[in-house]
Every structure is written in C-alpha cells, then in structure tokens.
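The structure appears right after this line, and notes come after that.
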Amino acid sequence: LAITLDPSGNVWFAETNTGNVAKFDPATKQFTEIKNPSWPAKARSQFWGMDYSYDGDLWYTDDTNNALWKFSTADGTYTPVGFPAGNQSLPQHVKIAGNKVIVNDFYGSKIAIYDTKQSGVGRTYQTIPSPLPGSFVAGFDIDSHGNIWYTNWILRQGGALIRFDYA
Numbered sequence: 005l006a007i008t009l010d011p012s013g014n015v016w017f018a019e020t021n022t023g024n025v026a027k028f029d030p031a032t033k034q035f036t037e038i039k040n041p042s043w044p045a046k047a048r049s050q051f052w053g054m055d056y057s058y059d060g061d062l063w064y065t066d067d068t069n070n071a072l073w074k075f076s077t078a079d080g081t082y083t084p085v086g087f088p089a090g091n092q093s094l095p096q097h098v099k100i101a102g103n104k105v106i107v108n109d110f111y112g113s114k115i116a117i118y119d120t121k122q123s124g125v126g127r128t129y130q131t132i133p134s135p136l137p138g139s140f141v142a143g144f145d146i147d148s149h150g151n152i153w154y155t156n157w158i159l160r161q162g163g164a165l166i167r168f169d170y171a
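Oh and the sequence shown: position 153 is 157 in our numbering, straight run, nothing missing.
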C-alpha cells in the first residue's frame, strides 16, 4: 500500500503484514527485501503511507500497532516510534518536511507532527485537532509556505478544506 521514491530513483515500498520494506532498482530491475527483525510474529497491519527523508530514512505508518516505523537506508535498521493514539486511531499518510514527520490520524480527527530531532524517553508529537468534531482527517499536503492543507469530513454530511499555518 505504501510507496515512495528516493533521490536516486529507487522505488521503496512497505510490505503489509510483514513489517518489511523492499526496494526496486529500475536500472538493474532487481528487488531487495529487507526483513524487519522487530516485527512481532504473525502480526498483521496495513501500511498506508511512506515517505523518504532528507537524511536517507524511510518513514511509514502502521495502523494496527498505532506506530510509525523508521527504516535507515544507510544501516538497514528499523525503529518503531509510538503514535499518539486515542480511543480510535489510524495513522494513515505520512510526509516529511525537513526534520518533521507529519501524519494524518484518520479516525483520531487530527494531524500529528513528530520532530525527529527529539531524543530521550519523553518524545512527543504536536497535534492539530480537527475543527469539525467527530470528523475524519484524510489526505493532506504541505505548500511552499509551510501551510498544511488537509481534508476533513463527516460521513454523509460534507466536510471542509483546512489550511493550517504551521509557522
């Protein structure tokens, strides 16, 4: 489900229900699968979003475990990062903006921003709650001015296009 490209043109994708990432090199037409040793045995989850960061890390969402995964393309390591879950949560799409990992929480009705420069035990997210109570937060993007644009809707009732000035 989740796919992204790196600056060299390699195609990276997350393998649903395995925790693994794989790379396809269009020049050599070779696939490389990288096993995730931290993935729980028989765990099942879907990975809806993936993005490549400036430092060579891949970030992807894990809806069942309410987590983000960071995969280092430099050393092949996986790191799970907890996601701020509520009663219902679904980290879905992800975009990297500098050192910020931005994720929509489809069921949780929010946008969550994780600063990758944090260290230590007390890592946190900044959250942007939806202005429409009981709504879903779906697709989003970031414009050249740093605004986060996202769709916000309520089933069978309509919705809104939201611009959040992150700066």
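Think of the CB as a built atom: it goes at the ideal place given N, C-alpha and C, for glycine as much as any other residue.
All values reported here derive from a predicted model rather than from experimental measurement.
Inter-residue spacing [alpha-carbon to alpha-carbon] between residue i and residue j
{"i": "residue 70", "j": "residue 29", "result": "30 Å"}
{"i": "residue 173", "j": "residue 165", "result": "Because the chain is modelled from 5 through 171, residue 173 falls outside the range shown and cannot be assessed."}
{"i": "residue 133", "j": "residue 26", "result": "33 Å"}
{"i": "residue 43", "j": "residue 8", "result": "21 Å"}
{"i": "residue 114", "j": "residue 135", "result": "9 Å"}
{"i": "residue 76", "j": "residue 93", "result": "26 Å"}
{"i": "residue 16", "j": "residue 79", "result": "15 Å"}
{"i": "residue 167", "j": "residue 154", "result": "7 Å"}
{"i": "residue 68", "j": "residue 20", "result": "11 Å"}
{"i": "residue 156", "j": "residue 47", "result": "30 Å"}
{"i": "residue 38", "j": "residue 169", "result": "38 Å"}
{"i": "residue 45", "j": "residue 24", "result": "12 Å"}
{"i": "residue 116", "j": "residue 160", "result": "25 Å"}
{"i": "residue 5", "j": "residue 49", "result": "11 Å"}
{"i": "residue 110", "j": "residue 54", "result": "15 Å"}
{"i": "residue 63", "j": "residue 12", "result": "17 Å"}
Element boundaries [beta strand (DSSP E), containing residue i]
{"i": "residue 163", "result": "162-169"}
{"i": "residue 10", "result": "Residue 10 -> no beta strand (DSSP E), and no H or E assigned at all."}
{"i": "residue 21", "result": "Looking at the DSSP string, residue 21 is not in any beta strand (DSSP E), and its letter there is neither H nor E."}
{"i": "residue 92", "result": "Careful: residue 92 lies outside any beta strand (DSSP E) and carries neither H nor E."}
{"i": "residue 28", "result": "25-29"}
{"i": "residue 108", "result": "104-109"}
Nearest candidate by alpha-carbon position, reference residue i, set the options
{"i": "residue 162", "options": "154, 139, 171 and 169", "result": "139"}
{"i": "residue 14", "options": "56, 154, 49 and 94", "result": "56"}
{"i": "residue 105", "options": "95, 39 and 40", "result": "95"}
{"i": "residue 152", "options": "101, 137 and 136", "result": "101"}
{"i": "residue 65", "options": "47, 99 and 77", "result": "99"}
{"i": "residue 142", "options": "47, 112 and 160", "result": "112"}
{"i": "residue 120", "options": "73, 41, 24 and 46", "result": "73"}
{"i": "residue 10", "options": "58, 51, 52 and 18", "result": "58"}
{"i": "residue 41", "options": "22, 12 and 63", "result": "22"}
{"i": "residue 171", "options": "18, 157 and 130", "result": "130"}
{"i": "residue 118", "options": "110, 158 and 87", "result": "87"}
{"i": "residue 60", "options": "51, 103 and 107", "result": "103"}
Any contact between the segment 124-142 and the segment 31-38? By contact I mean 3 or more CB pairs, one from each, below 8 Å. no
Sequence ranges, beta strand (DSSP E) only - wholly within the segment 119-160, length at least 3: 129-133, 140-146 and 151-158
Sufficient close CB pairs (3 or more, under 8 Å) joining the segment 76-83 to the segment 139-157: no
Report the residue ranges of all beta strand (DSSP E) runs contained in full by the segment 32-82; include only those spanning at least 3 residues, in chain order. 34-38, 54-56, 61-66 and 71-76
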